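Residue numbers (the working numbering): 816 to 899.
Below is one structure, written out as structure tokens; the observations come after it.
Structural data, given as structure tokens:
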């Protein structure tokens, strides 16, 4: 099995009402990380598991493909919600 550092992750985003949802998906292990970025308040981080048809499901739910930069800026804390 490939090491996690050798996997090219897939990134998705969705604007939903008063928040932005960013996702990083491991397409080999079918796991992912989701960051919810509300317009006010604190960022929420969730880990989850997917099935092999994850891309079709996400696109049907209104997500679009994205690049890693936006996700990683929020994940590292360089951009994002307030600390309230």
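C-beta atoms are modelled at their ideal positions from N, C-alpha and C, and glycine is treated no differently.
Owing to the predicted nature of the structure, the values given are computational and were not obtained by experimental measurement.
Asked, Found
"Roughly how many angstroms lie between the CA atoms of residue 868 and residue 834, to the nearest whole one?", "25 Å"
"What three-state label does DSSP hand residue 853 in the structure shown?", "strand"
"Between 873, 846, 864, 844, which lies nearest to residue 830 when the distance is taken from Cα to Cα?", "873"
"Which whole-angstrom value is the C-beta distance of residue 845 and residue 881, which I expect to be below 8 Å?", "Rounded, the Cβ-Cβ distance is 18 Å, inconsistent with contact."
"Look at the alpha carbon of residue 898 and the alpha carbon of residue 856, and state the distance between them as a whole number of angstroms.", "With a pLDDT of 48 at residue 898, under the threshold of 50, the predicted position of this residue should be treated as unreliable, though the coordinate-derived value follows. In a straight line, the C-alpha of residue 898 is about 7 Å away from that of residue 856."
"By the three-class DSSP mapping on this structure, what secondary structure does residue 894 have?", "coil"
"Looking at residue 850: is its Cβ nearer than 9 Å to the Cβ of residue 822?", "no"
"For residue 844, does the three-state DSSP call read helix, strand or coil?", "coil"
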